[in-house]
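Asks:
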Amino acid sequence: MAEIVERNLVPIDKLRWKVDPATLPFSKTTDLEELTDIIGQHRGVEAFRFGMGIDAKGYNIFVTGAADVGTLGMARQLLEKSARKQCTPNDLCYVNNFKIPEEPILLTFEAGKGQTFKKDIEAFLEDIKREIPQLFESQEYINSKNALLEEHDKKTRDFFKGLEERVKEAGFVLVNMQMGQVQRPDIVPVVDGEPTHLLKLEELVNKGRFPKEEYEALQNKYKELKDEIDTIFMDVRRLQKDVKTKSEEVDRLMFMNTAKDLAVGLVAAWKDHEKATKHITDMLENMSEQLDIIKMIGQPQMGPMPGMQLPTINAEAVLHPYGVNLLVDNAESDGPPVIVESFPNYRNLFGSIERAMDRSGLWRTDFQKITAGSFIKANGGFLVINLLDAIAEPGVWQTLKRALKTSELEIQTFDPYSFMASTGIKPESISMDVKVVVLATTQLYHMLKHYDPEVEMIFKVRADFDSSMDNTSDGVTEVCRLVATYAEKRKLKAFSNSAVAALLEHSVRKSGRQEKLSTSFPALGDVMAEANYFAESASSDIVDVKHVQEALDARIYRYGLVEEKIQEMIDRGSIFIDTEGGVVGQINGLAVYSTGDIMFGKPSRITCTTSMGKEGIINIERDAKMSGPTHNKGMLILSGYLRKNFAQSKPLTLAASIAFEQSYGGVDGDSASTTELYALLSSLSQVPIKQSIAVTGSVNQNGEVQPIGGANEKIEGFYTVCKAKGLTGDQGVMIPESNVKDLMLKQEVVDAVTEGKFSIWAVKDVNQGIEILTGMPAGERDADGVYPKNSVYGLVDERLISLAEGLRDFGKGNKDSENNDD
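Just so we're on the same page, my numbering is the position in the sequence shown counted from 1, plus 1.
Here it is as structure tokens:
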């Protein structure tokens, strides 16, 4: 029996991968060179560099990996190194479209030239603001205006020359009649030396107080003179229009001459830029059409009442339509931009068009209120966003896809919740050349691909970053240099070689395999910062191994409330767990609990009862709808194992109920399938199972024990229970042999094994496992297919035969009874 228990013990040196600090070629991290390259991610880095280098449509990059491997930091580092080798993108400006103000014009300049163009335009507008009002106050301008007025007055006098005499001779007088805002000349007959209107004379005629013949004569003469006066009035109006046109032409001519002189340098500076030159020409032309308001710059506005004055006309408001909206300025950039948008809502990514409410309550906007987002600022470079953040924002993902497919973006305000009326503009679209890098977990990436088939067309490169790297001597050296780099950049104390050794061992444990190192370097950096805190608290000049261990223990304590409560329930007997003795059909299985912050293992009692029947194996969890599909699959495999080993020459007739005792939540996973099989074999054979041994492992139909996850946590969980109840030296855990390379147990557990207080067994198949648990041989079939009677399988086979015969005899007896009744 002792030989059976001893032969599968895991050697102590296999329980934990260790680093001897003396083998590390430094005493503290300040002795190491800084690490500048990304380590442990050769596949992901090569894919990323390929995506950066290829210049073809749709080759944007999807970066996938676990949330704690630092994909953002690696992407930023790769992009910044690559960006330095490429040219700086152009500046983007929006200017007014004077013909169609609703469609602002886009001007593109070489990096830095956009700012120069804006300053040149502003300098020109300053000259306009200063010179033009003075121009229209100059003596030359006043003289030209006076000449026009004198000419107008002379022609007007010529029109009315002799008219007053003829009117007077006809017995009329010339008067001005106010008709709205226009005065028109009119004539009124003179009666008894007083001007009297014809309507009044008509009343006198009707009353017999004025001769009718004289009234009719005056009326005929009035019509004759009125026609002549109307003709003259129309001539005067035409003359006034001509004078006004000539006056405006003079104003325009004088303005254009002055403005062109002021714009000589501006035109010369941008003569090679076709769109800029055209804009300058259109600007001067529009200014000449808006002279009335431009002339009033700095002049007081007239109020609605005589003598009332409003503030002077603001020059900035008048010249606002002629400014330049510098949308993207790359004057200070060196190479293509690398922008990480941490809050990718629609406005931050694609820009917007701001609005302001005017006096009438209508929201208005113009080209100066167009703003750029990160996507536009990254034009010619790289944009990095997080997928989960982007798809959570309304309109973002669809707009991003559309822009990447068409290589164009039209800035618009996305405001689906606004119910206010506003005037809109449609800016000229921007040609986009952006390499977009999207960060996501692997699960989210596959989910997105499933629901959005266009992802593969837009993101043709996937850079998948691994969560572990090979545990080689080169890998260890690189991680040591990384620790030194983190300590230097984060202003931490130097780490001793023993502290770095502890970090390396923690990295291996986190990877879950002895031959791997974890690439969750941000999490490793957190442990370093916490260890540095404990070193500072202890006034230590260096971070040593005890400080690293303090940091790791403190983490477990901070997140270990749930584990502690479960352990308390086991200690006080609320959860039934035996760690001594032997019980038929009862075994300690091991389960892993995850609270999101920490994983820990705890034992769970599994029981099995068997009886005569045809129901087969009954999974109580499944029937209670408390188990998942993987657990149900494991239970069905048990039936296959029994059929292969015990139902080749007889029918398999039994009823077996298997249950996780005191399980009130869901159960899933097949890591307890060997445990359930051992409990079933014990119940059938009536051989007790040692309660001092906890078991984990998955089984196939051939009885081979398959690897499981969380081996370290499960072993440590049962060790904690045994330690609380008292270590006897017989206690231990049985794991699959293929999990031995995953062991990275706490030093406390390793010490207990070394001292003979605890044991770890590794088994290849169920035969080895049942022998360790029962202390009896499993048994092998002889040439006739019969198991030895003094073996576990022999007892199982004998019990199954008795169950089958008992069911047969019971059925036969019932049938005979029925016949006798007949």
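Even for Gly, the Cβ is constructed at its ideal location relative to N, Cα and C. Here the structure is a predicted model, which is why all the values come from computation and not from measurement.
Taking contact to mean 3 or more Cβ pairs, one atom from each stretch, closer than 8 Å, check whether the segment 319-337 and the segment 363-374 are in contact.
Replies: Counting Cβ pairs under 8 Å, three or more are found: they touch.
Asks: By how many angstroms is the C-alpha of TYR679 removed from the C-alpha of ILE833?
Replies: Here the chain has residues from 2 to 823 only, and residue 833 is not among them.
Asks: Exposed or buried, which one is ALA422 when buried takes at least 16 other CB atoms within 10 Å?
Replies: Locating residue 422 in the sequence shown gives position 421, counting from the first residue. Here the model assigns ALA422 a pLDDT of 47, short of 50, so the residue's position is not dependable and the matter cannot be decided.
Asks: Quick check on DSSP: helix, strand or coil for TYR216?
Replies: Along the sequence shown, read from residue 1 onward, the residue named residue 216 stands at position 215. It is helical.
Asks: According to DSSP, is MET470 part of a helix, a strand, or is it coil?
Replies: For the purposes of this step, residue 470 is identified with residue 469 of the sequence shown, where counting begins at 1. Note: MET470 maps to strand in three-state DSSP.
Asks: Looking at the secondary structure, which residues open and close the beta strand (DSSP E) in which GLY602 lies?
Replies: By one-based count along the sequence shown, residue 602 stands at place 601. Taken as a continuous stretch (DSSP letters only), the beta strand (DSSP E) holding GLY602 covers 600-612.
Asks: From ASP32, GLU799, ASP92 and ASP527, pick the residue whose C-alpha is nearest to that of ALA495; which is it?
Replies: One-based indexing of the sequence shown puts residue 495 at position 494. If we check each option's Cα against that of ALA495, ASP32 comes out closest.
Asks: Counting C-beta neighbours from all protein chains within 10 Å, is the total for TYR452 16 or more, i.e. buried, or is it exposed?
Replies: Counting from 1 along the sequence shown, the entry for residue 452 is found at position 451. It is exposed - the Cβ of TYR452 has fewer than 16 other Cβ atoms within 10 Å.
Asks: Out of curiosity, what's the CA-to-CA distance linking PRO337 and GLN515?
Replies: As a first step, residue 337 must be located in the sequence shown, where it is residue number 336. As a first step, residue 515 must be located in the sequence shown, where it is residue number 514. When rounded, the distance between both Cα atoms is 42 Å.
Asks: Label ALA23 either buried or exposed according to how many other C-beta atoms from any shown protein chain fall within 10 Å of its C-beta, with 16 as the threshold for buried.
Replies: Taking the sequence shown and counting its residues from 1, one reaches residue 23 at position 22. When all chains shown are included, ALA23 counts as exposed.
Asks: Report the option in ILE122, ASN646 and VAL750 whose CA atom is closest to the CA atom of LEU796.
Replies: Within the sequence shown, the letter at position 795 stands for residue 796. Of ILE122, ASN646 and VAL750, the residue nearest in Cα terms is ASN646.
Asks: In chain order, what residues of the same chain lie with their CB nearer than 6 Å to the CB of PRO689, ignoring the 5 residues before and after it?
Replies: Residue 689 sits at position 688 when you count from the first residue of the sequence shown. These residues qualify, in order along the chain: GLY583, VAL584 and VAL585.
Asks: At the level of alpha carbons, what is the spacing between PRO717 and PHE51?
Replies: The residue you call residue 717 lines up with position 716 of the sequence shown. The residue you call residue 51 lines up with position 50 of the sequence shown. Residue identity differs from the one stated: residue 717 is Glu in this sequence, not Pro. Spanning the two alpha carbons is a distance of roughly 44 Å.
Asks: In three-state DSSP terms, what is GLY590?
Replies: In the sequence shown, residue 590 corresponds to position 589, counting from 1. Looking at GLY590 - three-state DSSP - the assignment turns out to be strand.
Asks: Is it buried or exposed for ARG239, if we count other Cβ within 10 angstroms and need 16 for buried?
Replies: Translated into the one-based positions of the sequence shown, residue 239 becomes position 238. Exposed is the call here.
Asks: With DSSP run on the structure shown, which of helix, strand or coil describes ASN177?
Replies: As a position in the sequence shown, residue 177 is number 176, starting the count at 1. Looking at ASN177 - three-state DSSP - the assignment turns out to be strand.
Asks: Are LEU93 and ARG482 close, meaning C-beta to C-beta below 8 Å?
Replies: Sequence index remark: in the sequence shown, residue 93 carries index 92 (1-based). Sequence index remark: in the sequence shown, residue 482 carries index 481 (1-based). No; because the gap between Cβ atoms is not below 8 Å, this pair is not in contact.
Asks: On the premise that ILE578 lies in contact with PRO604, defined as a C-beta separation below 8 Å, what is that separation, rounded to the nearest angstrom?
Replies: Counting from one through the sequence shown, the residue named residue 604 turns up at place 603. Counting from one through the sequence shown, the residue named residue 578 turns up at place 577. Rounded, the Cβ-Cβ distance is 5 Å, consistent with contact.
Asks: Using 8 Å for Cβ pairs, my map puts GLY45 next to ASP542. What's the rounded Cβ distance?
Replies: For this step, residue 45 is matched to residue 44 along the sequence shown. For this step, residue 542 is matched to residue 541 along the sequence shown. So it is not a contact: roughly 38 Å between Cβ atoms.
Asks: In terms of alpha-carbon separation, which member of TYR594, ALA555, SER540 and LYS100 lies closest to LYS566?
Replies: Counting from 1 along the sequence shown, the entry for residue 566 is found at position 565. Looking at the Cα atoms, TYR594 is the closest of the given residues.
Asks: Once you ignore the five residues that flank ASN633 on each side, which residues in its own chain have a CB closer than 7 Å to its CB?
Replies: Locating residue 633 in the sequence shown gives position 632, where the first residue counts as 1. Answer for ASN633: ASN620 and ARG623, listed in chain order.
Asks: Find out if the Cβ-Cβ distance for the pair LEU384, ILE340 is shorter than 8 Å.
Replies: Counting from 1 along the sequence shown, the entry for residue 384 is found at position 383. Counting from 1 along the sequence shown, the entry for residue 340 is found at position 339. In this structure, ILE340 lies closer than 8 Å to LEU384 by Cβ.
Asks: Assign MET2 to one of two classes, buried (16 or more other C-beta atoms within 10 Å of its C-beta) or exposed (fewer than that).
Replies: The count along the sequence shown starts at 1 and reaches residue 2 at position 1. In this prediction, MET2 scores a pLDDT of 49, lower than 50, which makes its location untrustworthy; the coordinate-derived value is nonetheless stated afterwards. By the neighbour-count rule (16 or more Cβ atoms within 10 Å), MET2 is not buried but exposed.
Asks: Can you grab the Cα-Cα spacing for the pair GLU677 / ALA68, in whole Å?
Replies: As a first step, residue 677 is located in the sequence shown; it is residue number 676 there, counting from the start. As a first step, residue 68 is located in the sequence shown; it is residue number 67 there, counting from the start. Going by the C-alpha atoms only, they are around 35 Å apart.
Asks: Could you give the first and the last residue of the continuous beta strand (DSSP E) run that contains LYS517?
Replies: Position 516 of the sequence shown, counted from the start, is the residue given in the question as residue 517. Residues 517-519.
Asks: On the premise that SER512 lies in contact with SER469, defined as a C-beta separation below 8 Å, what is that separation, rounded to the nearest angstrom?
Replies: Numbered from 1 along the sequence shown, position 468 holds the residue referred to as residue 469. Numbered from 1 along the sequence shown, position 511 holds the residue referred to as residue 512. Sure, about 4 Å apart at Cβ, within 8 Å.
Asks: Along the chain, where does the alpha helix (DSSP H) that runs through PRO789 open and close?
Replies: By one-based count along the sequence shown, residue 789 stands at place 788. Looking at the DSSP string, PRO789 is not in any alpha helix (DSSP H), and its letter there is neither H nor E.
Asks: Select from GLU355, GLU111, LEU389 and ILE188 the residue whose C-alpha is nearest the C-alpha of ASP273.
Replies: Working through the sequence shown from its first residue, we reach residue 273 at position 272. Per the Cα distances, GLU111.
Asks: With a Cβ-Cβ cutoff of 8 Å, do ILE709 and PHE661 count as a contact?
Replies: Translated into the one-based positions of the sequence shown, residue 709 becomes position 708. Translated into the one-based positions of the sequence shown, residue 661 becomes position 660. No, they are not a contact pair.
Asks: Jot down the residue ranges of each uninterrupted alpha helix (DSSP H) in the segment 726-792, minimum 4 residues, whole runs only, in chain order.
Replies: For the segment 726-792, whole alpha helix (DSSP H) runs of length 4 or above, ordered along the chain, are 748-755 and 767-775.
Asks: For GLN707, write down the residues that DSSP places opposite it in a beta bridge.
Replies: Residue 707 sits at position 706 when you count from the first residue of the sequence shown. DSSP, once it has assigned bridges, lists SER699 as partnering GLN707.
Asks: Using only alpha-carbon positions, find the residue among LEU79, VAL20 and PRO322 that is nearest to ILE101.
Replies: For the purposes of this step, residue 101 is taken as the residue at position 100 of the sequence shown. Considering only alpha carbons, the answer is PRO322.
Asks: Does DSSP classify LYS427 as helix, strand or coil?
Replies: Position 426 of the sequence shown, counting from 1, holds the residue named residue 427. Three-state result, LYS427: coil.
Asks: Under 8 Å, with one C-beta from each stretch per pair, do the segment 776-789 and the segment 747-757 reach the 3-pair mark?
Replies: No, because fewer than three Cβ pairs between the segment 776-789 and the segment 747-757 fall closer than 8 Å, the two stretches do not touch.
Asks: With DSSP run on the structure shown, which of helix, strand or coil describes GLU806?
Replies: The residue you call residue 806 lines up with position 805 of the sequence shown. The answer is helix: DSSP assigns GLU806 an H, G or I state.
Asks: From LEU553 to VAL501, what does the alpha carbon distance come to, in whole angstroms?
Replies: For the purposes of this step, residue 553 is taken as residue 552 along the sequence shown, with counting starting at 1. For the purposes of this step, residue 501 is taken as residue 500 along the sequence shown, with counting starting at 1. For LEU553 and VAL501, the distance between alpha carbons rounds to 13 Å.
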